[in-house]
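S.K.: Chains A and B, in that order, give the protein sequences. First residue of the first sequence: 1079, per this note's numbering; consecutive thereafter. First residue of the second sequence: 2, per this note's numbering; consecutive thereafter. The structure that follows is given in the form of structure tokens.
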Amino acid sequence: MTVTDQSGAPTSYTCPWCRMSSTGAATTCPSCGAPVDVQLRTTDSGWTQLPAIPDMAKIQFGQSSCQIEGLYVPAADLDLAAGERVYFSHHNLLWQDPSVSLSTMSLKGAWNRMMAGLPLIMLEATGPGHLAVSRDAPGEVVAIPLQAGNAVDVRENHFLVATSNVGYDWLDSGVWFTTSGSGGGARREGAGMKLLKMGLDAALEGSLDIGGDTGGGGGGETEWHYPLGRYLDRFVASERPGLVLMHAAGNAFVRNLGPDETILVKPPAFLFKDPTVRFQLHVEYPAAGMKFWRSWGNRYLWVRLWGPGRVALQSSYERLEDPGSDFTGTSGHTEYRW
Amino acid sequence: MTDTAQRIECQWCHAQSLATARSCQTCGAPLDIKNLVSDSGWREAPRLRDMTEIQFGNSTCQVEGEIVPVADISLGAGDAVFFEHHVLLWKDEAVGMSVMSTPGGAKRALGGMPFVVSVATGPGRIAFSRDATGEMVVLPLHPSMELDVREHAFLAASHTITYSFVRMKGLNNILHGGGGMYMDRFVTTGAPGLLLLHGYGNVFERSLGAGESILVEPGAFLYKDSTVTMDVEQLKLKTGGISGLLGRGGMYLARMTGPGRVGIQSMYVHHSTD
């Protein structure tokens, strides 16, 4: 069977990372930048480490290209052909040629994103010219080329840039739990009070991340927690193939889950998934003598992912916010007591 | 005796080193590794080999570590370096410490404290580092050079360099808004000097031709030759009524116009003085 790429040229190489075809003549995959000669490094447990995009590797999209520069905090340096467009969150911008024109993308409900504590303003850049974007943390640039009809769900705040033929939407992450502010803890007494206060401090800190809709912590008010972030960014290539670049904090690892295969992942480490992968909150309580110790912070929060599909993790993550107090409500969770 | 040894030019600082050297004696850049230059003309700052040594005056600086590099300086008697005190890592007891009087320094405050530039005088060893992943940028200054650096980006500078600062009104990262930021200015007159910067993330440099210009997000700006002009430019966005979200007056970029070098960093960490 003769395989051809989009331009009709014969191809003989399929990138093991992004599954796109190319001639294999270059040293890196033109669709995602992974080294062509890379032996996929898969752990005994089945996670494949994202091959780091070599410094100065190039990725093609449409008539434009993108060069990945740097090792610690790599920047994506885009060379846009005349009329070709990409979009990105405004604070990712590093520099641009004066010839690149920028405009804001109108997004439905963008005001809501703002209210959730995220300064989300999408800028659309139109070529010709160069423009570069980067994030503010050490890590890797992850390139996800999307075939027409494919989509990917990305943890919020990790999106770097996408081609304008990729549709952007966001959805509720669908994983949350609520705890009570001071009301839940006030019933506890004595030695519990110190632990309670520690828990409260954590809860108050947590409420800052949640934004305006909670009304802050304390006072017995309900506090909302979103271990995966409140929203997921969804990128869809509906009619034409496109490219999405994201930033992984630390290193990125991916695995394929078979149908109904599951895995438990620490919520802040989740990076992206195929839309076919579902998730739900799972809580484990360690074996311990007293109920008291079980309920005060001594629990493990997980997100359970169900196949079929791809899931990816990042090795560096933000602190998981868990006040430790009993749930007053969840998006649906399972629990296990050891 | 005639010195007949062959010399090669460093592609980063243009100083000459012996043809047998692996690293430039003046800036530490590897001499046997090719430059990494992007299509758009940005050159990556040379990745210094761990433990590379650099000479300046009667002193030596050894660059240690690669992720958050340390400048470990052995000061000769009478040599001195100046720095912001929060970059201090360790020192020999014998190294003398003093404070530089800066023009208008009392008006500038960092985190509520007066902004003070400290001076360490040899002989002895003293070491400096910053607080996050990045690259050390070694910029040897020839006599009669003038270089502008984003505030708090310099790690240490030799005493032959004159230090001052200017306030750039209206220039600040879009995430932080605010009324502007300071730019440190380093000037050499008769003698050469050594300037060490810490860039967060990765550092890239580009030479702009006369009249050539580029728009840089203020958070990415790291340094420039003083011949490069920097103007605040309001981005003309078709905002459709949400311009208020970008803060007062919209999004500002720095328009840098050549001739001269421009350096940028890929990660933005904010240390502001008011």
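By construction, the Cβ of each residue, glycine as well, lies at the ideal position given by its N, Cα and C atoms. In this text the structure is predicted, and so the values were computed from the model without any measurement.
Is residue 100 of chain B near residue 120 of chain B, with beta carbons less than 9 Å apart?
M.R.: yes
S.K.: Which residues share a DSSP beta bridge with residue 1351 of chain A?
M.R.: A/1231, A/1389
S.K.: In chain E, which residues lie less than 8 Å from residue 1157 of chain A when you measure between Cβ atoms?
M.R.: The structure shown has no chain E; the protein chains it does contain are A and B.
S.K.: Helix, strand or coil: which one does DSSP assign to residue 1346 of chain A?
M.R.: helix
S.K.: Would you say residue 1162 of chain A lies against chain B (beta-carbon separation less than 9 Å)?
M.R.: no
S.K.: Helix, strand or coil: which one does DSSP assign to residue 117 of chain B?
M.R.: Note: residue 117 of chain B maps to coil in three-state DSSP.
S.K.: Which residues in the same chain as residue 250 of chain B place their Cβ atom closer than 8 Å to its Cβ, once the five residues preceding and following it in sequence are excluded?
M.R.: Any reading at residue 250 of chain B needs caution, since the residue's pLDDT is 49, under 50, leaving its predicted position unreliable; the model's value is listed next. Answer for residue 250 of chain B: 235, listed in chain order.
S.K.: Please classify residue 160 of chain B: does DSSP put it in a helix, a strand, or coil?
M.R.: coil
S.K.: Please report the distance separating the alpha-carbon of residue 1113 of chain A from that of residue 1348 of chain A.
M.R.: Cα-Cα distance, rounded: 24 Å.
S.K.: Roughly how many angstroms lie between the CA atoms of residue 1361 of chain A and residue 1335 of chain A, to the nearest whole one?
M.R.: 21 Å
S.K.: Can you tell me which of the three DSSP states residue 1334 of chain A falls into?
M.R.: DSSP places residue 1334 of chain A in strand when its eight states are reduced to three.
S.K.: Got a sec? Which residues, its chain only, sit under 6 Å from residue 1217 of chain A by beta carbon, not counting five neighbours each side?
M.R.: 1325, 1326, 1327, 1328
S.K.: Beta-carbon within less than 8 Å of residue 142 of chain B's beta-carbon, same chain only, minus the 5 sequence neighbours each way: which residues are those?
M.R.: 148, 162, 187, 189, 193, 194, 195, 196
S.K.: Using C-beta distances below 7 Å, list every residue in its chain close to residue 1149 of chain A, excluding the 5 sequence neighbours before and after it, in chain order.
M.R.: Contacts found: 1133.
S.K.: Under a three-way DSSP split, which group does residue 1236 of chain A fall into?
M.R.: Residue 1236 of chain A falls in the coil class under three-state DSSP.
S.K.: Please compile the residues from chain B whose C-beta is within a distance smaller than 8 Å of the C-beta of residue 1145 of chain A.
M.R.: 39, 40, 41
S.K.: Got a sec? Which residues, its chain only, sit under 8 Å from residue 1096 of chain A by beta carbon, not counting five neighbours each side?
M.R.: 1107, 1109, 1110, 1112, 1221, 1222, 1223
S.K.: On the three-state DSSP scale, how would you describe residue 199 of chain B?
M.R.: strand
S.K.: Along the chain, where does the beta strand (DSSP E) that runs through residue 94 of chain B open and close?
M.R.: Note, residue 94 of chain B: premise wrong, no beta strand (DSSP E); not H, not E.
S.K.: For my contact list, residue 129 of chain B and residue 217 of chain B are in at a C-beta cut-off of 8 Å; report their separation, rounded to the angstrom.
M.R.: That belief does not hold up - the Cβ atoms of residue 129 of chain B and residue 217 of chain B are roughly 26 Å apart, past 8 Å.
S.K.: Suppose contacts are defined by Cβ-Cβ distances below 9 Å. Is residue 1178 of chain A in contact with residue 1203 of chain A by that definition?
M.R.: Cβ distance < 9 Å, so residue 1178 of chain A and residue 1203 of chain A count as in contact.
S.K.: I need the DSSP call for residue 153 of chain B, collapsed to helix, strand or coil.
M.R.: Note: residue 153 of chain B maps to coil in three-state DSSP.
S.K.: Using a Cβ-Cβ cut-off of less than 7 Å, give me the residues of the region 1163–1179 of chain A that come near chain B, in sequence order.
M.R.: 1168, 1169, 1171, 1172, 1173, 1174, 1175, 1176
S.K.: What does the Cβ neighbour count give for residue 1225 of chain A, buried or exposed, with the cut at 16 atoms within 10 Å?
M.R.: exposed
S.K.: Could you tell me the distance, in whole angstroms, from the CA atom of residue 1212 of chain A to the CA atom of residue 58 of chain B?
M.R.: Going from the Cα of residue 1212 of chain A to the Cα of residue 58 of chain B covers about 38 Å.
S.K.: Output, in chain order, the set of chain B residues within a Cβ distance shorter than 8 Å of residue 1148 of chain A.
M.R.: 45, 202, 203, 205, 267
S.K.: Hey, residue 229 of chain B and residue 198 of chain B are a contact pair by Cβ (cut 8 Å); roughly how many whole angstroms apart?
M.R.: About 16 Å; that fails the 8 Å criterion.
S.K.: Taking Cβ positions only, does residue 1213 of chain A come closer than 9 Å to chain B?
M.R.: yes
S.K.: Listing by chain order, which chain B residues have their CB less than 7 Å from the CB of residue 1208 of chain A?
M.R.: 41
S.K.: Along chain B, which residues have their Cβ under 9 Å away from the Cβ of residue 1365 of chain A?
M.R.: Near residue 1365 of chain A there are no residues of chain B at all, since even the closest Cβ is about 39 Å away, more than 9 Å.
S.K.: List the residues of chain B whose Cβ lies closer than 9 Å to the Cβ of residue 1322 of chain A, in chain order.
M.R.: Ordered by position in chain B, no residue passes the 9 Å Cβ test against residue 1322 of chain A, which lies about 19 Å from the chain.
S.K.: Establish whether the CB of residue 135 of chain B and some CB of chain A are separated by less than 9 Å.
M.R.: yes
S.K.: Please give the ranges of any alpha helix (DSSP H) in the region 1112–1188 of chain A, keeping only runs that are unbroken, at least 4 residues long and fully inside the region.
M.R.: none
S.K.: So, for residue 1411 of chain A: in the same chain, excluding its five sequence neighbours on each side, which residues have a beta-carbon less than 8 Å away from its beta-carbon?
M.R.: 1255, 1358, 1359, 1360, 1361, 1405
S.K.: List the residues of chain B whose Cβ lies closer than 8 Å to the Cβ of residue 1133 of chain A, in chain order.
M.R.: Under the 8 Å cutoff, chain B gives 37, 45.
S.K.: Which chain A residues sit within Cβ distance under 7 Å of residue 221 of chain B?
M.R.: 1172, 1173
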